[in-house]
Structures are given as C-alpha cells and as structure tokens.
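In order, the protein sequences belong to chains A, B and C. Position one of the first sequence corresponds to residue 2 (this note's numbering), numbered consecutively onward. Position one of the second sequence corresponds to residue 66 (this note's numbering), numbered consecutively onward. Position one of the third sequence corresponds to residue 5 (this note's numbering), numbered consecutively onward.
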Amino acid sequence: MSDSDKIIDEVVGNDYKYGFVTNIEQEFAEKGLTENTVRFISAKKNEPEWMLEWRLKAFRAWEKMEEPTWQNVHFPKINFQDIIYYAAPKKKKEIKSLDDVDPEIRATYDKLGIPIQEQKLLAGVAVDYVMDSESVITTFRESLKEKGIIFCSISEAIREHGTLVRKYLGSVVPQRDNYYAALNSAVFSDGSFVYIPKGVRCPMELSTYFRINAENTGQFERTLIIADEGSYVSYLEGCTAPMRDENQLHAAVVELITHDNAEIKYSTVQNWYPGDKEGKGGIYNFVTKRGMCKGVNSKISWTQVETGSAITWKYPSCILKGDNSIGEFYSVAVTNNYQQADTGTKMIHIGKNTRSRIVSKGISAGKSQNSYRGLVQVHGTADNAYNFSQCDSLLIGDKCGAHTFPYLEIKNNTGKVEHEATTSKIGEDLLFYCNQRGLTDEEAVSMIINGYCKEVFQHLPMEFAVEAQKLLSISLEGSVG
Amino acid sequence: MEVQKEFELAETAFTKESLPLRKNALEAFEKLGIPSMRHEEWKYTNIKAKLKQQLSLTTTDSQVNAAVKNYIASLPPYAFRLTFLNGVFHPELSIVPDLKGVTVCSLKEAFAHHTTLVEKHFGKLVNYSEEHFAALNTAFVTDGAFIHVQRNVIVNEPIYIQYFFTATDANAFTQTRNLVILEEGASLQFAEDFRNASNINVQYNHVAEVYVGKNAKVDVAKLQLEVSNAIGIHTLESSVERDGRFSAATITFSSPNTGTGNALIRNNVTARLVGENAHADLNGLYFGKETAHIDNHILVDHVAPNCTSNQLYKGVLNGEATGVFNGKIFVKPDAQKTNAFQSSKALLLSNEASINSKPQLEIFADDVKCSHGAAIGQLDENALFYLMARGITKEEATQILTYAFAHEVVDHVHSQPIRQFLCDKLKDELQLNF
Amino acid sequence: MLSIKNLTVAVNGKEILKDFNLEIKAGEVHAIMGPNGTGKSTLAATLAGKEDYEVLSGEVIFKGKNLLEMDADERAREGVFLAFQYPVEIPGVSTTNFMKAAVNAKRKHNGLEPLDAKDFLKMMNEKSQLVEIKREFLSRSINEGFSGGEKKRNEIFQMAMLEPSLCILDETDSGLDIDALRIVANGVNKLRNAERSFLVITHYQRLLNYIVPDFVHVMFGGRIVKSGGKELALKLEAEGYDWVKEEVEMI
C-alpha cells in the first residue's frame, strides 16, 4: 500500500456522521406501486379531486415509459414494486408551535446540527423540515406572511392555495417529462412551496431540510417556487439519510418560475448517505430540477455542492424564455469510493439577449466516476445570446474517472458560446511545496480543494459555504494522490 | 437493401480465401443496419433519411468522363498518384511509385500478392462489430490503395490517392478502402482526395486503416473539396506505436451545388496511441454552404503513458449549412503523464446556419493534463470595423478575417505541396487574391 | 544548528550525494556553488524532506534533532525553510490565506494560539515591505500568473513570515534581472541575524556580491571538494570550475 493509499484509507475511514436512525412511530403505504397507491397517498393528504386526477395522469404515463439508460452510471435494475411510496412520522396531534413537535424528531434535527428552535429564526433562516414523506414543521411562517410570502409544505399549499399550485405545478417539468419526473408526479408526498408576491424581497433565507429515515422507502418530494414580478428569494436545500445496506431511491422534482425582473437563487448541499467503502448501500439520487425564466430581465441561479449519494443523476436547468433573462449554474460534485455522479445543467436560450454561465468543478477520488453532462441550446429566436461554460475536473488517485460531455447546439449566429474544460491532479510537487511551509497532507489537500472550488462556494450563502467546505474536507480528507 | 443477394454478386477486392472475414462483417452489418438518430454517435446526423432507400453495392461502372480528364489535366504534376473511378483502380490514370522498400498497389492486387501482410492488418483497426459503416465496408469493399513502407525508408514525395465518382446510378453506394502500413522508422505523407465528377448526387463509404510503427511518421491529408452533391462517410483509423507520430488534416469545402444539394459528409477519425511517447495531431477545417451538412467525429485514444495529442478543428458555416463536431479524448487507466489538448471553433456567418458541438473528455488516469475549449460565434466586430476603417468593404473584410481564421488549420498540414495546394484552394474559396 | 555527516542520497536508484559533509553554526551564511548536475538541488530537496530522495546512509542533525526522521511538514514547522527554484502555483488560494494556514500551523506546533486577524495583518504588512511586495499582490492566487521575479520575491516574503532558523535558497537568483536580484538579496540581508543560518545554493557568483557569505563551498560529483571564504567565489567567477575539476581528478 503506497503512502497516498494509506492516507486515502485513513480519511475515508471517517464515518458518515448523519447515518443514525430515529425511532418514531411511522405510518406506511403498502409496498409497491399501483393506481391504488396513488389514490391512497392523495387521500392521506386530503387532496382535492383535481390533484388526484393530475397524479393519475402522471401514473398512467409512467406505466408506459421506460427507464433511461443513457447516463454514465451503472446500477442493478430497480424493482419499483419493492419500494414503499409513503412513509410519515405518525402525528399525535396537530402541530401549532415548535413545542408540539415530537421530541424524537426534534432530537434528530438537533443531532443533524439544524435544531428546530427559535435561535435559527434569529439567524435569519426560515426552515421547512421534511422527514420521509411529510413536512414536520415550517418555522417563521407568520412573519413571512406579513409580507405576503407563502412558505409552507406543498401538501398544505395544495389545500390552501389550490389556484396557485394548479397554475404552476408541472408548468416547468411536465408530468411526462422523464421517467423519474413522471414517477414523482404520481406519488410525491411532500416538499416545499414558496410564493413571493410582486415587488417583495424575501427578508430571510428560506430553507428546507430533507431527511430520509424509514427503511425500504423512496423519498419523492416536490418543490415549487414562484417569484412574482420584481421579487427576490434565496432558497437553501439540505439533505441526509441513515446508513443502510440497501439502496434507497430519492426522486425529487423542483420547479422554479421567475416573472419579469424577479430572481431566484437556489442552493443545495446534498449529503445523502453515499454507501460504504465497498459501495454497499447509499441513496440513488435521481432528481429533476428546472427553472423557467418566464419574464424579462429575470434570473435563476443554481448552486450545488454534491458530496453524498451512491448515484447522483441531476441537471438543474434554466429555460431562458424572457428577453434579457439570466441563468447560472455553479456546481461542485465530489465522488469518492464507489460513488457515481452524472450531473450538469441545461441552458435553453429562447429569449433575446439571454445570458448563461456554467461553472462546474468535479472532484473524483477512490474508485468513483464523475461525469459532467451539460447542454447549451441557442434557439433561432435567441438573438445575442451568450454562454460561457467552465468545466474542470480534479482527480485524486489513479482508480477514479472524470468525464465531460458538453453538448452545444447553436442555431443563431448573433450569439457567442464558449466552453472550456481542464483536467488536473493534486501533484506531488504541489503537496511538497505546502509541506515545506509546515502544512500536513490533509491541510494541504483541504486548502487546494477549497481554492479549486472557490468560484462556486462564493455563490453560496455564507452559512452554507462554511458547511460545504467542512463537508468537502470530510468527504475527501487525505485522499491524496 | 437485400444485402445477402448483393453479397453474392458484389465484385470485391478479396480473394476467395478471405471469405470468412467478409462473412463476419456481413453478419455484423445485418445486426447493426444503418444507424438512426437515436444512436448517440449519430444524434445530430440523420444518415438514415439521407441515404437512398435502395442501395446498390454491386455497381462496377467506371467510365472516364470529360470532367475527370479535365481535372487530372489541371492538377499540379504530383509525383505519385493512384486514381480510382467509382472504386475501381485505373492504372492508366495513375503514377505508381517505384521506390526501394516501398510497395504501392491496389488493394485487390495486395490481397493476391501480399497476402500475409494484408491478412495481418486488414480489418484489425476498425471495429466492424460495432461500427455500422465499417462493417458494411469490410463486407463490400471494391478496391482501394495499399501502401507498405519498410523499416527506415523515407518517402519524400506525397502520394495522392484520388477517388472520382462518375456513376450514373444514383443508388450506387461505393465502398473503398486504403490500407497503409509503416514499419519502424519509416516516413510517409499521403492524401485521400474525393471528387464528384458526375452530374448526380453520389454516395460513398470510405475506410482507411493506418499502422504507424515505432518511431515512424505519417502525415495524412483528407481532402473533401467538391462534396456539395455527395453523401460521403469517411473512417480513418490509426494506431501509433512507441515514438511514432501521426498527423491527419481533414479539409472539407462544399463547393457550389450541381446536384440535388443533398450534401452530407461524415468523418470518423481515430488515433490510438498504443506505445509510449507517441504523438497525434488531428486537425480539421470545414466550410459549409447552402444545405451542406458536415459532421466531424474525432477520437484520440490514449492507451499508453507519456503520449501527447492535439486537436484543432475550425468550421465556417454559411447559408443553411449545419455543422457537427464531436471530439473525444480518452485517457485509459495506464496512460499516465498524458498531455492532450483540443480546441474547436466555429463561425456562424448566417442566421440559418447551425452547429452542434460536443467536445468530450473521458479520463481514467490521474497524472494527466487535458483540456478542451470550444467557441462558437461570429467574426470579431472590432476587427471588422478596423479593416473597414482602412477602406476595405465589409464583404472583403469578412473574407479576409475568415481566411485568417481558417488558415491556422491549413498551416498544420505538414506536407508542403499539399499545404500550398490547400492554401490556394482556400483563397479561391474566399475569392481572395493576395 | 545543522550538522550533515556522511550523507549519501539516491534518486531513482542513482546516487547523487556521496558521503556529503557540512557543518553550519547559528548565524552563519554558507554558499554552495558548482556546475550543473553536481547535486546542489538534491541537497536542498533532501534537507527539506522531499519524497523520492532516498537516504542510503549518513545523518543530519538539526538543532539537536534527527532531521531525517521527520516528514517535510514537520521539518518546516521545526524551522527549515526552502525557497524553491521553481515555486508551484495554487489556483484559488491567495498568498494571504496560504500564509495564514502556514503561520498558524507553526504556532500550533510551538504551543501558541493562532494569530488573530489584526495581528496577522500587521505581520503581513511589516514583512511585505522587506521585499517590496504590494498588498493586492498578496490577495492573488499564489504564484499564478506571477513573473519569475515575483515568484522569487514571494518566496522570500514567505521566508520572512515563517521566521525559520535555517533558510535554504535553491538557485533563487537564476532567471532574475539585476533589479529583482537586488530586491531579493536585500530582503534576505534584512533577515540575517545571530540565530538564523543560511544555505545559499547558486550557480553564479553574482548573487554573492549582494548576499555576502561567511563560507563558500564548491560541490562536484555529489560532495564538497573545496571550501573557503568569499574570495573563493571570486576566483570561481574569474577562472571557472575547470581548475577545481582538475584538482579533484588529480586526487
């Protein structure tokens, strides 16, 4: 075993610290997926008839669809009849205040370092806590309500704000968009809903914390964020799951809509359980995230730090429909051990003077495979469109792979599209230089990686950026090449 | 297409003994068929729709016509050339080199007289069990050029391999093939030149296999200069051994339409660096006009450590032309210390022109330096303005800047006579006289 | 301060340093000269603890401790500083952040609290004046896009920040124009004191006009073949290395 292997081993030895299970009473749907499962979920949530119909339409479409195979990841075929599609902490009574939350659940979130308590609110973040299929509680909604901002679970929104949901749900990601989106549309159980009214700048970061707890379940959350004319919101999403030997499926859908002059900033720190060192267990993270810059001068910005999941398959995208709209994608994807990631973005330029920027930083270590897949499409209508993409890969160790698949489809001659990609490694010379200044290998690697990812981190809200840096060190510490 | 029946009738380069290889290739093709756009490698090129429904693989019509004669007369007096009409070798139109240590002949002749060499190399570089057109070609190849250069022999003059099409049968789908073998320390430059000398839209499928031995050097120029009325599929596969150097320049000009305008050129160029310290240069320049569709798929496969490669592709698209660029760099697990670079640039000069570009890196070794850059846009407005401020018309300024853009690729052609020829052609194309 | 005894070092199985001996006392400046390929840079890299440099025999005692038993980062924290001949670039990491990490790693090693932002900035300001480095320069990614002279100045700046006991300068002068050389040398001279020793490796006598050594050694074939005062350097400059070679070969 070479020195570098030893260091990799030591560091990877760091256990996934979010891998515990919470013992709470839960309610489950029966295993498997039939039309009855969809009806069961809908009924459980007291949904209106139109919602059930919407779900059934998706279910029928899904039944006829086939799983995609084009992505650069490999896994045994999923048995979709062997999954529980609904699991939720059993509610003892209606939750009206923080004191009503089950102490076990509160303890869980405390342990995860995101306590459900007022201090968090003072820190300026309103949080929606989702465990398995149900939203547990949403903090600080009253003060948001004063500004006309709606921030609640999507189940509640379907009941309370039906008109809004009905208008926008599926407008960016249609039910039959892709296999997993169709599945989600049929069985999604909860998630967050945000509406920012005209001219309102949301005064605090909105955040959802997703937690998978139950065994053999899939998590299918649905998020819908609408920024009305001239509004602004910054939204954060975090996620963890217990360590289990079986793979668990997470197939979420996120839809963002910006009207004229509105802006949504969406940040994700994804830390689902990645599986153990031998590649056993871990979450399959098959997610559809898409934003529509519907109005003129609107802007959608995706920032993601992906360190978890056994397999990640997601492409947060922007449809730049409004003239002068802007799409951004900043991503750090880290894979170690046997993790596989196929992630990137799509920037669809339809409106005039639309601009997009892609910065993707992939880091592969161990025996992992890391792919960037991106599409930049400039339609004939998109005069003066501009795109710049930068896709860098960093390899640590000689058993991993880095792949870049950028697709550039340009049908307009007035724009400009530029793409750059590089591949590099953390070399002996670089490490020796840092050692010579008194830094250990671990300190050196952590510093080099943070430098490498800086361009992405600076787009994360402060609090998240610190968390992301720590997470990166944990995922990679010592995996020196 | 009744391939089985055609298979029996086709007159090919093979001897009877090589039938098993043909049969394997035929079986592979029957399984593969003509690819649809659902196939990732054909995502942007609808070859199925462009090729005729009825394909004739047995045409042997090889009339010399006035267009061929005129063209040959107009050529600079190249030292060596092999001329093929509709895939049939014409010795009377050829100047075959007679040099010590060099074998040059038609593939048909090679099958008959240099059997051991041919059998050792033919069909070993192309993957006909997976590549549709390589399979078809392997089963039906009519003829082509065979070049073998012995150890340490240096061929100073370029060899032109000319493929003319004079067919009158619009269903004809001509299958030609070159096999080039360089032993250790040998050096060769050759061009594959394709011309449609008929009045119809022709279809052809060409394959070349090039073996670059240890410390050997090969320069290839692929010239596709009058292809506006052709559907041409080109495959160039090379393997480069230790210290070997392989360089290929693919130049595609779609000149004015005379046929149906159903022009489609597809190039698959691969360099496989199998020995340490090997080097590959893959360059390309394409000019698309009217409804031309030009598709370049290139791959540098780094198998051995310490190898280097460069790719430079530039395209200029006008009218309703479409361009496709797919450049791959693979770095296999053992290929440490690889240095691989790729740059692809395209100019869109009209609003109906479009380009689909996919520069792709797949890296399995950590101690490597790889990068690619792709840029799509139009001519620099400041530069245009600068020229116009000196009194040059916008049209001429556009041509000058396009020439400057394109010239970099021509400059990478190693063979001086071929480079000069291309330079002149480029100026003609842009109607420049300086 | 530093005592090297019978040191033999191989790189990729090839012996480069052979039975090398050198004694450096606190406050002394030693210059090592010699033609290319005689093992000067190998000596520097070996002292700093670079992997791939295999010590076959001999010992190196630094401030009473066995240097060869320590990893490179430990040696640095103990006070060995190497100014690199080819400083590396670290994209995205500013010199400021890099130094903050390094200075605090050393402080921790010495049982001190990390410097707070104010004290650290004060220190940066002081030390950057030594080599005439501008503030904005320090917020740029380390060595990325720096000129040769800027890189070398940055090395001396880092030397000043880390306050080492033993400074090894590996051909710090090569590739520098006279102005840059003067700035670098001035920086070094300001850092000279009774506790700090220097090992200056150079190919050219020119540097020694600015950094005046106490001792000059000539290296040849992996060992020191001649030692003397600063006048030895002048003789080498005037007469080249051939006469040394001849002397060696006669023995």
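Just so you know, even glycine gets a beta-carbon here, dropped at the ideal spot from N, CA and C.
- My understanding is that isoleucine 258 (chain A) touches tyrosine 316 (chain A), with C-beta atoms under 8 Å, so please give their C-beta distance in whole angstroms. In this structure isoleucine 258 (chain A) is not in contact with tyrosine 316 (chain A), their Cβ atoms being roughly 18 Å apart against a cut-off of 8 Å.
- Query: Using a beta-carbon distance below 8 Å, is tyrosine 435 (chain B) in contact with chain A?
  - Reply: The displayed chain sequence assigns cysteine, not tyrosine, to residue 435 (chain B). By this cut-off, cysteine 435 (chain B) is an interface position.
- Cut-off 8 Å between Cβ atoms - residues of its own chain near threonine 42 (chain C), not counting five sequence neighbours on either side: For threonine 42 (chain C), the CB contacts under 8 Å within the same chain, skipping 5 residues up- and downstream, are Met223, Phe224, Gly225, Gly226 in chain order.
- Is arginine 139 (chain C) close to chain A, meaning its C-beta is less than 8 Å from at least one C-beta of that chain? Not an interface residue.
- Could you tell me which residues DSSP pairs with glutamine 370 (chain A) in its beta bridges? DSSP, once it has assigned bridges, lists A:Gln341, A:Gly402 as partnering glutamine 370 (chain A).
- Query: Is any beta-carbon of chain A found at less than 8 Å from that of leucine 495 (chain B)?
  - Reply: Chain A, which has no Cβ nearer than 8 Å to the Cβ of leucine 495 (chain B), makes this no.
- Determine the burial state of valine 467 (chain A): buried for a count of at least 16 other Cβ atoms within 10 Å of its Cβ, exposed for fewer. By the 16-neighbour rule on beta-carbons within 10 angstroms, valine 467 (chain A) is exposed.
- Rounded Cβ spacing between lysine 353 (chain A) and tyrosine 453 (chain A) (contact assumed at less than 8 Å): Under the criterion of beta carbons closer than 8 Å, lysine 353 (chain A) and tyrosine 453 (chain A) do not qualify as touching, at roughly 35 Å.
- Query: DSSP puts isoleucine 411 (chain A) in a beta bridge; with which residues?
  - Reply: Looking at the DSSP assignment, isoleucine 411 (chain A) forms a beta bridge with A:Val379, B:Ile420.
- Message: 8 Å is my cut-off, CB to CB: does serine 394 (chain A) come that close to chain B?
- Response: Chain B, which has a Cβ nearer than 8 Å to the Cβ of serine 394 (chain A), makes this yes.
- Message: I want to see whether chain C comes within less than 8 Å of leucine 473 (chain A), judged by CB atoms only; does it?
- Response: Chain C places no beta carbon closer than 8 Å to that of leucine 473 (chain A), leaving this residue out of the contacts.
- Which bits of chain A does alanine 52 (chain C) rub up against, with CB to CB less than 9 Å? Residues of chain A with a Cβ closer than 9 Å to the Cβ of alanine 52 (chain C) are, in chain order, Phe433, Asn436, Gln437.
- Taking only the alpha-carbon atoms, compute the straight-line gap between lysine 131 (chain C) and leucine 170 (chain C) and give it to the nearest angstrom. The straight-line gap from Cα to Cα measures roughly 18 Å.
- Selected residue, minimal CA-CA separation from phenylalanine 88 (chain C), among C:Leu51, C:Arg81, C:Asp181: Of the listed residues, the one whose Cα sits closest to phenylalanine 88 (chain C) is C:Leu51.
- Task: Determine the direct distance from the alpha carbon of glutamine 376 (chain B) to that of tryptophan 71 (chain A), and round the result to whole angstroms.
- Result: In a straight line, the C-alpha of tryptophan 71 (chain A) is about 26 Å away from that of glutamine 376 (chain B).
- Would you list the residues sitting across from phenylalanine 194 (chain A) in a DSSP beta bridge? Here phenylalanine 194 (chain A) is bridged, per DSSP, to A:Cys153, A:Leu225.
- Item | Residues from the region 383-409 of chain A in contact with chain B, defined by Cβ distance under 8 Å | Listed by position, the residues of the region 383-409 of chain A near chain B (Cβ gap below 8 Å) are Ser394, Leu396, Ile397, Gly398, Asp399, Lys400, Cys401, Gly402, Ala403, His404, Thr405, Phe406, Pro407, Tyr408, Leu409.
- Message: Taking DSSP's pairing of strands, which residues face glycine 314 (chain A) in a bridge?
- Response: The displayed chain sequence assigns tryptophan, not glycine, to residue 314 (chain A). A:Phe287, A:Asp343.
- Item | Within chain A, partners of valine 97 (chain C) - CB distance below 9 Å | Simply Met448, Ile449, Asn451, Gly452, Tyr453, Lys455.
- Roughly how many angstroms separate the alpha carbons of glutamate 264 (chain A) and cysteine 294 (chain A), rounded to a whole number? Take the alpha-carbon of glutamate 264 (chain A) and the one of cysteine 294 (chain A): they are about 9 Å apart.
- Task: Please check if any C-beta of chain A sits within less than 8 Å of the C-beta of phenylalanine 88 (chain C).
- Result: Yes, phenylalanine 88 (chain C) lies at the interface with chain A (some Cβ there is under 8 Å from its Cβ).
- Which residue spans inside the region 125-203 of chain C form an unbroken beta strand (DSSP E) run of at least 3? 170-174, all fully within the region 125-203 of chain C.
- Task: Provide the residue span of the alpha helix (DSSP H) that contains lysine 112 (chain C), from first to last.
- Result: 99-113 is the extent of the alpha helix (DSSP H) around lysine 112 (chain C).
- Query: Going by the CB atoms, is the gap between tyrosine 86 (chain A) and lysine 45 (chain A) shorter than 8 Å?
  - Reply: Lysine 45 (chain A) is not a Cβ neighbour of tyrosine 86 (chain A), given a cutoff of 8 Å.
- Neighbour flag for proline 91 (chain C) against chain A, beta carbons, 8 Å: At least one chain A Cβ lies under 8 Å of proline 91 (chain C).
- Message: Rounded to whole angstroms, what is the Cα-Cα separation between glycine 296 (chain A) and isoleucine 227 (chain A)?
- Response: Their Cα atoms are separated by approximately 12 Å.
- Query: Using the rule of at least 16 other Cβ atoms within 10 Å of the residue's Cβ for burial, across every protein chain shown, is serine 304 (chain B) buried or exposed?
  - Reply: Per the 10 Å Cβ criterion, buried.
- Task: Using 10 angstroms around the beta-carbon of serine 268 (chain A), count the other beta-carbons present and answer buried if the total reaches 16, otherwise exposed.
- Result: Counting Cβ neighbours within 10 Å, serine 268 (chain A) comes out buried, since at least 16 surround it.
- Task: Tell me, please, whether the CB atom of isoleucine 94 (chain C) is closer than 8 Å to any CB atom in chain A?
- Result: For isoleucine 94 (chain C), at least one C-beta of chain A is nearer than 8 Å to its own C-beta.
- Message: List, in chain order, every chain A residue whose beta-carbon is nearer than 7 Å to that of arginine 81 (chain C).
- Response: Result: Gly439.
- Message: Let's test the definition: count the other Cβ atoms within 10 Å of the Cβ of tyrosine 276 (chain B) and tell me whether it reaches 16, buried, or not, exposed.
- Response: Tyrosine 276 (chain B) should be labelled buried.
- Would you grab the beta carbon distance between tyrosine 468 (chain B) and leucine 449 (chain B) for me? Rounded to a whole angstrom, and I think it's under 8 Å. 13 Å between Cβ atoms; not a contact.
- Residues of its chain near leucine 53 (chain A), where Cβ-Cβ distance is below 6 Å and the 5 sequence neighbours each way are ignored: Within the same chain, Cβ atoms closer than 6 Å to the Cβ of leucine 53 (chain A) are found at Ser43, the five residues on either side in sequence being excluded.
- Item | Continuous alpha helix (DSSP H) stretch holding phenylalanine 450 (chain B): start and end | Counting along the chain, phenylalanine 450 (chain B) sits inside the alpha helix (DSSP H) bounded by residues 446-453.
- Contact belief for proline 217 (chain C) with valine 204 (chain C) at Cβ below 8 Å, rounded distance in angstroms: Right, their Cβ atoms sit about 6 Å apart.
- Member of A:Val174, A:Gln249, A:Leu396, A:Asn298 whose CA lies at the smallest distance from the CA of threonine 423 (chain A): When each option's Cα is compared against that of threonine 423 (chain A), the closest is A:Leu396.
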